[in-house]
Amino acid sequence: MAGIDDKMRELEFTARSTRPVSELRRLVNDAAEVAQGEKVILTDTANGGIKGVVRNFVRVQHAVFTVALTTDDSGATTVTFRIPDYMRTRDTVMFIPISPWSAPAYRTLREFSGYVRGRL
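Each residue of the sequence shown is one higher than the one before, counting from 2 in my numbering.
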């Protein structure tokens, strides 16, 4: 059975697309709305990419991710999805761990990643 770190790494991807950057941005925005569970907040970065934050209903940050959109000379765009930081939790009883590590944002990020990857 894979640990949560391995599962989160499996969500990351790099793919090439011939679609225009504006359409890819719209695809990422649609994925943020479709992802169930926690709230996904997107902001544009200075280098033309997208930074996302996954928060729960009381605004506790559970994960940070980036979507980089880079266009090469041929006009193709490379889409890179990375998750550099996420919260890990585990259940304890009197400070004794009784469960494996988990990530509260895993389900939301899995749906987000699957939506974008499936439509590229």
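Yeah, the Cβ is synthetic: ideal placement off N, Cα and C, and Gly gets one too.
Quick one: is residue i buried, meaning 16 or more other Cβ sit within 10 Å of its Cβ, or exposed?
i    : result
S100 : exposed
A36  : buried
G119 : exposed
Looking at residue j and residue i, is the spacing between their C-beta atoms short of 8 Å?
i   : j    : result
E13 : A106 : no
A64 : D86  : yes
F82 : V41  : no
I51 : T67  : yes
L25 : T78  : yes
V55 : T109 : yes
Pull up the distance between the alpha-carbon of residue i and that of residue j, whole angstroms please.
i    : j    : result
W102 : M9   : 12 Å
D45  : A69  : 10 Å
E112 : P98  : 28 Å
M2   : T93  : In this prediction, M2 has a pLDDT of 47, which is less than 50 and means its spatial position is unreliable; what the coordinates show is noted afterwards. One C-alpha to the other measures close to 21 Å.
S75  : D6   : 35 Å
R17  : V80  : 6 Å
T15  : S114 : 11 Å
For the alpha helix (DSSP H) that contains residue i, what are its first and last residues?
i    : result
D7   : 5–12
R27  : 22–35
G115 : 107–119
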